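Those letters in the sequence shown? Residues 45 to 314, by our numbering.
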Amino acid sequence: MAVGVFDSGLGGLTVLDAVTRRLPDVPFVYLGDNAHAPYGVRTHDDIFNLSCAAVERLWDEGCDLVILACNTASAAALKRMQETWVPQNKRVLGVFVPLIEALTERQWGDNSPPREVAVKHVALFATPATVASRAFQRELAYRAVGVDVEAQPCGGVVDAIEQGDEILAEALVRSHVEALKRRMPMPEAAILGCTHYPLMAEAFQDALGVDVKVYSQANLVAESLADYLIRRPEFLGQGTGSRFLTTGDPKAVSNKATQFLRRKIVFEAA
Ligand code: DGL
């Protein structure tokens with residue numbers, strides 16, 4: 045049994061960490077498409093094609109269920125993948141819906157009409173492609189009414205993280221938060237809508253201030269995966285061991301991953 049976790053690069057490791065903690069007996073195969081990161085500045089067709097190639101690679105590893113631990117792929121490609129491409133005996137799940145269910149105080153599968161929720165002013169930080177897709181607002185509108193969402197495309201942050209430049213990433217986070225606050229001075233909640241951003245969570249919280257609740261996507265995804273596997277255990281694939289795969293340079297990616305997660309991680313060529 046094994047489950048696949050995919051991201052354009054290092055960001056999905058924040059999700060991998062949380063799912064590994066939540067499901068310690070499940071082997072996970074991680075694939076980072078570092079050779080093609082960042083996805084956030086690519087076209088939707090490009091993101092679709094790259095995501096399909098990566099998911100197929102994880103199917104080859106015996107992972108019938110793959111988590112797109114990438115908001116950009118979840119926002120720009122997942123619906124099209126599920127509707128036109130994923131075969132019956134496989135599953136591809138995204139990272140958006142668990143987050144929106146938490147924000148709108150809903151249980152999984154609660155399809156009741158949209159209703160008023162406690163939060164009214166939400167700041168969304170995401171890649172330019174995720175913001176342009178408006179997928180977050182679309183999913184939110186299915187579940188809640190009267191929520192004002194201000195979205196900030198955070199150009200450059202993923203690049204800086206992928207290059208291991210924490211100082212630049214931090215400076216960019218501060219300037220993106222300031223830009224958002226000029227349009228929405230008092231958000232009640234902030235969504236880090238890119239799996240790379242939890243690596244900069246402190247910088248976001250610092251710049252936003254202590255009164256803003258910052259939603260952690262990784263733990264919500266882990267809970268929702270645990271729940272899914274109880275309902276659909278048949279999607280635990282035939283794979284047997286955990287692995288870290290990259291389309292980039294395994295040595296350089298291993299070094300950056302180890303630096304960010306502060307534990308030794310060894311990538312192999314995908
Ligand atoms: N970490 C990904 C996300 O959640 C991808 C970012 C990128 O490659 O631009 O959006």
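Yeah, the Cβ is synthetic: ideal placement off N, Cα and C, and Gly gets one too. Note that the structure is a prediction, hence the values are computed from the model and not measured.
With a minimum length of 3 residues, the unbroken runs of beta strand (DSSP E) contained wholly in the region 281-307 fall at 287-290. For the pair residue 77 and residue 288, the Cα-to-Cα distance works out to about 11 Å. Within the DSSP secondary-structure output, residue 192 pairs in a beta bridge with 165.
Distances from the CB of residue 114 to the heavy atoms of the ligand DGL include at least one below 7 Å.
The shortest C-alpha to C-alpha distance from residue 160 to any of 133, 137 and 192 is the one to 192. Within a 10 Å sphere around the beta-carbon of residue 65 sit fewer than 16 other beta-carbons, which makes this residue exposed. Per DSSP, the continuous alpha helix (DSSP H) segment holding residue 92 begins and ends at 88-104.
For a cut-off of 8 Å, the C-beta gap from residue 308 to residue 302 is around 5 Å, short enough to register as a contact.
Under DSSP, residue 197 shares a beta bridge with 170. Taken atom to atom, the span from the alpha-carbon of residue 305 to that of residue 57 is near 8 Å. Ranked by Cα distance from residue 240, the options 279, 84 and 70 are led by 84. Collapsing the DSSP output to three states places residue 232 in coil.
Within the region 214-277, the beta strand (DSSP E) runs of at least 3 residues that lie entirely inside it are, in chain order, 233-236 and 257-259.
Cβ neighbours of residue 59 within its own chain (closer than 8 Å, five residues either side excluded): 49, 51, 111, 113, 139, 239, 261, 262, 265 and 266.
Runs of the beta strand (DSSP E) spanning 3 or more residues and lying entirely within the region 101-151 occur at 109-112 and 135-137, in chain order.
For residue 175, DSSP assigns no beta-bridge partner whatsoever.
According to the DSSP assignment, residue 310 belongs to no alpha helix (DSSP H), since it is labelled neither H nor E. When secondary structure is reduced to three states using DSSP, residue 154 falls in the coil class, being assigned neither helix nor strand.
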